[in-house]
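Protein chains in written order, with this note's numbering: chain A, 21 to 477; chain B, 21 to 477; chain C, 21 to 477; chain D, 21 to 477.
What follows is the structure, given as structure tokens:
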């Protein structure tokens with residue numbers, strides 16, 4: 021049973037029907053489909069198209085259909101080409117002919133757009149929560165190691181000392197931005213298409229504002245043609261997911277490095293690592309690699325949907341059916357990844373001694389330049405002198421910190437005995453106390469500020 | 021002259037230098053680079069690292085450099101590997117050794133992030149203005165044709181009648197959303213990296229809040245490592261541009277169709293069409309095709325930058341240099357396209373008679389079903405009866421509107437003489453008066469609402 | 021039961037295990053996994069690592085496992101983290117301890133690469149066949165309409181007359197190129213990784229050439245590190261699929277247009293069109309829209325995998341697990357689409373009269389220019405004169421073909437009475453007889469040539 | 021002067037003209053445009069449309085135009101909207117009215133497709149050469165270090181020992197595949213569009229086979245509509261470039277890691293590293309980071325063009341103008357990157373002692389398992405025992421190689437005194453002598469085989 025066959029002389033070819041059918045994946049919208057239909061029934065009654073008894077009959081039917089889905093007892097029949105058809109077909113079996121009134125003034129075009137928006141709104145909420153969980157785990161660890169020195173890297177070369185807490189926070193803020201982004205996507209999604217019909221609007225006096233309120237939408241779509249063909253919200257969701265994926269991949273990349281034998285800054289808990297079928301000694305960071313790898317897939321999903329939308333006429337075209345799978349999969353990807361990365365971060369054993377010992381003396385070269393700056397030498401000249409000191413140390417095969425006094429003074433008479441103070445790690449950290457800097461006191465303030473952001477203050 | 025050579029024993033290989041140099045494209049940041057440096061000079065003075073005389077000398081130097089760029093008289097020298105180097109080198113030529121104090125406490129890492137953010141903030145403003153221009157052109161045309169009937173299409177098949185103004189507005193709203201999106205990107209971009217140094221923060225007491233205010237930023241980046249490695253704002257800009265491109269491509273696709281010989285609903289002004297080198301009769305809609313085609317390129321730029329960012333460690337890596345070209349090109353693409361599409365829309369000659377005459381009687385089949393609904397027949401049954409009427413008309417090779425009374429009553433005794441009223445075009449339009457519908461009165465209200473949105477009310 | 025747990029002190033967290041598990045999708049590789057393992061057993065025996073009895077025991081076990089899969093009776097157990105684990109676990113249940121010898125000298129790294137390559141080789145063959153089916157359908161229709169005139173379009177504007185067969189063939193050739201591309205991908209895929217171990221090669225004297233022959237591979241991977249980390253073949257498959265998607269989208273776009281009311285050149289069979297839940301009259305070209313829309317998704321899958329691979333170290337990283345889903349889905353997409361588009365093309369009802377009548381006289385403007393060229397006037401001047409004739413006809417509101425003789429001669433005395441011959445449709449077609457042109461005789465030759473290409477001649 | 025203005029009543033709006041103009045980038049096709057036009061002149065003479073004197077005049081004109089371009093003296097005029105217009109305009113200035121005969125039977129549609137194909141054919145050759153250069157540099161280094169042991173990594177964890185030469189070769193083979201791919205793209209590109217006219221074929225007896233031969237094409241495009249709208253070759257080029265980018269990014273990632281302080285396996289020559297404007301000690305691997313980063317951009321270009329092509333009708337649409345920039349830029353990217361990476365690889369200072377010393381004893385765990393296998397224990401049980409040995413060593417805080425004999429025998433009586441032989445590095449390497457394995461003798465054979473592949477044997 022299709023909803024549309026009466027003007028056709030032959031049924032769809034089975035292969036065409038199979039291509040066309042979407043129930044295998046849009047079945048996930050059953051809750052939203054029933055929510056939307058219940059609200060529609062109320063709107064039809066308010067518009068005088070159903071009487072109270074009919075309304076009650078339909079609502080009872082929906083209660084029953086809903087329970088069947090909840091219990092996993094809903095049975096799909098031949099001809100159930102999508103979730104909308106399946107629900108309406110079952111409703112008709114349960115309540116009889118009055119089910120035929122449900123679709124009055126409505127089209128699957130506005131119905132599916134409403135269902136998917138509702139789903140995305142809920143997925144945004146869930147993802148924002150998952151992100152909050154991960155950020156909380158990072159904050160907890162950052163708090164513990166707010167003052168633990170480690171080499172800071174640019175270009176994967178030791179650059180300047182930072183604290184481990186500060187480094188961890190460099191991954192918390194992007195995730196906090198992601199959380200805000202999902203909140204913004206939710207708001208942009210909460211614009212109701214229902215009541216737009218196929219494309220020209222409802223031909224009956226439907227109160228769309230009341231519908232919006234009933235379903236938790238904030239606005240009513242202002243143009244019925246746009247309402248049925250607009251998938252900006254789906255793109256927005258995929259963009260937020262892709263960027264979250266990129267942020268996870270950056271955190272993952274560094275944790276993979278830092279937990280490798282070469283760095284050995286952190287160790288993953290056994291519950292979050294995996295072994296090898298061949299090599300008995302292996303402890304592989306599979307969850308981190310999957311987080312990194314799936315960023316690529318998330319990027320592809322975004323590019324794919326944007327490409328699908330390119331060049332479509334406004335209003336509904338069947339191409340739009342390609343919107344659901346990437347949206348579902350993007351949410352699934354994040355629903356799988358975020359709790360695992362959260363658990364993994366919580367399991368990390370940090371080795372503060374390794375972190376501190378990894379710092380090489382050349383990392384203080386900027387301190388040497390700044391030492392000269394404080395004596396009034398322009399930074400550019402100071403930088404050149406410090407660079408020459410680095411080179412001289414290399415020529416002498418000694419460490420910068422061990423350069424003999426005579427070598428320092430040969431480079432410049434501004435280098436005096438107190439040049440050794442440049443290699444004072446804690447002082448170097450403490451100096452970075454401007455807002456956002458790595459001074460432990462500032463890192464603690466930063467963690468506090470992130471906590472407030474998380475709490476929505 | 022590089023800014024960093026003193027610890028090296030040999031100069032860069034010329035091919036490596038050429039690969040590395042970015043002046044050919046980051047030169048566009050000269051204005052932002054000077055703005056940022058001037059603010060930095062003020063901050064250094066406030067921190068006691070420059071005295072008033074030095075500050076004045078540097079500011080005079082910048083005034084001069086700025087003028088050279090404005091007049092196109094700035095001369096690039098060998099070793100000017102990027103805009104930052106070029107400006108500082110020139111400054112040193114003009115003001116001497118004091119220029120060497122400029123880079124105190126600053127790194128190119130926080131400098132370039134600041135420059136690019138400033139540039140993107142301005143590009144967002146300009147793009148929002150360009151979008152407002154295009155929306156205004158659409159509103160003007162929509163107002164004129166708010167009540168002009170035309171076939172509404174789904175699946176590129178005649179679906180239900182709408183008005184031309186309503187159809188035009190289905191393209192205005194997405195562009196209004198784009199405008200909001202650029203405003204949101206601007207806000208997210210206005211977070212100041214300056215004062216983050218290479219990655220660990222400023223080692224001098226720089227007042228970053230004052231810097232932010234001076235440069236028009238709204239916030240201060242909360243973590244110095246994140247500040248130098250975060251390119252979310254660039255992705256946000258590319259995403260907004262890609263989605264704008266998609267919206268333009270959808271408008272373009274339909275205008276290409278509607279201005280073709282087969283539809284002939286509208287005609288482009290001669291100033292916005294082009295001819296053929298071979299076929300003398302051609303009038304091609306090149307600007308629309310370029311708008312459609314460049315949507316693909318914009319999507320690719322977004323996918324490209326996201327892919328570049330995937331898996332990078334936090335803090336600065338040179339990979340980030342790939343951020344500028346796509347951002348510049350995306351703005352250029354929209355700066356080229358939007359005014360042209362605006363002019364083209366303004367030039368459209370609409371043919372209301374063609375629009376109305378294109379409507380085929382079968383388009384009223386939904387009205388026939390709704391006619392039965394109003395008689396109490398459930399919609400599902402009404403739909404089936406209307407579908408059978410369509411099929412019967414096809415069998416008789418007549419138009420649905422011309423189906424003889426006997427045929428109607430043979431289908432159902434609910435079809436009475438007044439079934440003819442279903443084919444009343446103006447009534448069908450007027451019925452769609454729920455919010456967002458195509459009823460002319462509602463279309464006019466919609467245009468008013470868009471005008472208010474444009475005015476920021 | 022995992023294959024690797026003995027050095028761990030705690031089991032995987034269930035969420036990490038779920039993230040990590042791939043059986044839900046790599047289960048599709050069961051046939052290839054068993055094929056590969058059977059060949060491996062033979063290689064182990066040849067290398068003296070199994071005796072004949074052990075080999076037989078294992079082979080009997082595989083026969084049994086294979087049958088379970090074929091009959092849908094294979095039962096998944098907890099701990100079956102992927103198809104390789106599941107098969108080996110079941111084998112052990114069936115044949116006991118000797119199953120523990122199966123993984124000798126092998127790693128899942130070379131095993132999974134082998135399985136997926138085998139799968140892709142078979143998918144290439146199947147897709148090439150599907151493409152041949154579609155091309156055959158196009159050839160059949162092109163043959164029927166090899167001489168049927170229609171307007172040829174560039175920029176969706178009438179450009180020059182062509183034949184419907186010629187237009188159809190413009191979609192056959194790209195699909196023939198796709199078929200060749202899948203054949204080339206198959207060849208590049210048929211390079212055996214098995215025998216590469218985890219990354220360093222087999223530590224036993226395995227004869228990899230014999231393995232390759234047994235499994236139908238053409239070459240042996242020359243470097244064991246590359247062998248386990250190379251996914252070029254998967255990218256190649258996705259690229260071929262994406263380009264096929266683009267070609268289908270181009271065919272689909274034009275068939276959607278040509279079957280619309282505005283063109284009405286062709287009609288889809290009822291079995292390949294769908295209706296509307298709301299609008300009883302609709303006949304929507306859903307399969308074509310899905311073909312068009314899924315091109316976007318296919319493009320996204322390619323971009324996604326390339327992005328996943330970007331920046332990975334050589335050898336195996338878990339990120340590579342993201343290779344399978346897009347490959348499977350790309351094949352599924354084409355396996356769904358190609359037969360449906362084939363059936364749809366076969367069902368097309370072409371309306372030769374509509375095609376011919378759609379041709380507008382201005383389409384002959386190039387003939388007018390060429391008419392002058394044949395009189396010795398340089399083409400550039402001839403083009404300008406023909407253009408002026410078009411403009412004059414527009415001013416007079418007449419059709420170009422009906423321009424009075426006086427008007428022609430006023431433009432140029434080279435226009436004589438025989439200028440009317442320019443509007444002879446059949447002559448215009450027949451003139452395009454250079455190779456690849458639209459002259460019916462040449463179109464027939466072209467169809468013949470495509471038939472030979474299809475037959476592999 | 022445009023080539024098409026005569027039927028228009030007003031000139032193009034300047035903004036539309038600027039949008040439309042492509043000379044700024046397609047100017048690069050000047051050589052191919054002149055080559056193509058010279059061949060076309062010969063074809064016109066052969067078809068009787070030019071006499072010998074006219075032909076000579078035109079050829080002399082082209083010689084002159086060509087020289088102007090070669091000397092950088094070609095002057096662009098207003099109205100030169102693309103390279104084709106510019107060349108024809110200049111030709112007319114030089115040779116007068118006969119230049120008007122050049123475009124006889126030709127359209128810019130087949131002309132631009134021909135020009136771009138010629139350009140891509142040459143770009144494929146050049147890129148294949150650049151790739152050969154890089155592979156040669158890798159082979160040279162691999163030869164030197166064919167037997168130098170190092171830790172082999174999977175999941176960035178020490179897995180099994182390999183040789184540095186073997187690891188280097190794992191990057192050579194993908195680049196050899198890229199070289200083959202560009203050769204295949206060249207072949208697929210060498211299909212001549214010229215003689216297809218605007219879309220319907222040449223209306224004069226042009227010998228397209230002779231044209232193809234003259235221009236170095238291998239085939240003649242079989243369908244004129246397809247010929248002008250097919251951009252598969254451009255996609256093929258972008259795909260080959262993107263995959264090359266991915267391969268470079270993988271090599272770059274590992275060289276960035278291996279040259280970092282944490283690994284210190286290799287050091288970059290000073291000529292291939294860069295410093296920091298702030299931190300005097302830095303030696304950054306900028307070229308490698310750019311290689312890694314640009315892989316993203318290359319992926320984006322491919323996705324962009326595929327997306328642009330999606331849904332276009334066959335034959336020419338202006339959207340196709342978006343093909344040139346990404347193709348040019350992709351070639352430029354590789355032309356910049358490949359020689360630099362070649363030079364950088366040539367400059368690498370490898371530290372064999374660091375490589376060997378980095379190997380940790382746990383890496384021999386597979387040898388321990390294989391030791392048991394050789395005693396007849398099934399691999400799966402052997403793996404479990406070796407894993408328990410690893411865990412026991414960790415509990416005792418000793419290295420696996422130092423586990424006391426009593427501990428070994430406590431795990432299994434199969435562990436005898438000779439278990440120590442498992443930790444013999446050279447023996448472990450030598451055992452991997454199956455084809456493609458890391459045994460030095462096999463690595464040398466592999467290098468020889470790659471040399472032959474490079475030489476085309």
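Built from N, CA and C at the ideal position, the CB exists for glycine as well.
- Residue 342/A sits close to residue 313/C, with the two beta carbons spaced by under 8 Å.
- Residues of chain B whose Cβ lies closer than 8 Å to the Cβ of residue 207/A do not exist; the shortest such Cβ separation is about 10 Å.
- At the C-beta level, residue 458/B and residue 221/A come within 8 Å of one another.
- DSSP places residue 182/C in no alpha helix (DSSP H) but in the uninterrupted beta strand (DSSP E) bounded by 177-183.
- For residue 68/B, not one C-beta of chain C is nearer than 8 Å to its own C-beta.
- Ranking 237/B, 193/B and 189/B by CA distance to the CA of residue 210/B puts 237/B first.
- For the options 390/C, 371/C, 393/C and 387/C, the alpha carbon positioned closest to that of residue 169/C is the one of 371/C.
- At a beta-carbon threshold of 7 Å, the residues of chain D lying near residue 406/A are 300, ordered along the chain.
- Assignment of residue 418/B by DSSP, reduced to helix, strand and coil, places it in the coil class.
- Positions of the beta strand (DSSP E) runs, each at least 3 residues long and wholly inside the region 112-180 of chain C, are given as 169-174 in order along the chain.
- Residue 452/A carries a coil assignment under DSSP once its states are collapsed to helix, strand and coil.
- Measuring C-alpha to C-alpha distances from residue 365/B to each of 321/B, 288/B and 333/B identifies 288/B as the nearest.
- Residue 99/C and residue 105/C have their alpha carbons spaced roughly 8 Å apart.
- Here DSSP, grouped into helix, strand and coil, assigns residue 48/C to helix.
- The C-beta distance from residue 405/A to residue 432/A rounds to 5 Å, short enough to fall under 8 Å.
- When beta bridges are read from the DSSP output, residue 304/B appears opposite 294/B.
- For residue 391/A, the enclosing alpha helix (DSSP H) stretches over residues 385-394.
- In terms of Cα proximity to residue 126/D, the closest of 389/C, 446/C, 473/C and 437/C is 389/C.
- A distance below 8 Å separates the beta carbons of residue 212/C and residue 232/C.
- Straight through space, the alpha carbons of residue 382/D and residue 270/B are spaced by roughly 60 Å.
- The DSSP-derived three-state label of residue 281/B is coil.
- Between residue 26/C and residue 291/A, the gap from beta carbon to beta carbon reaches 8 Å or more.
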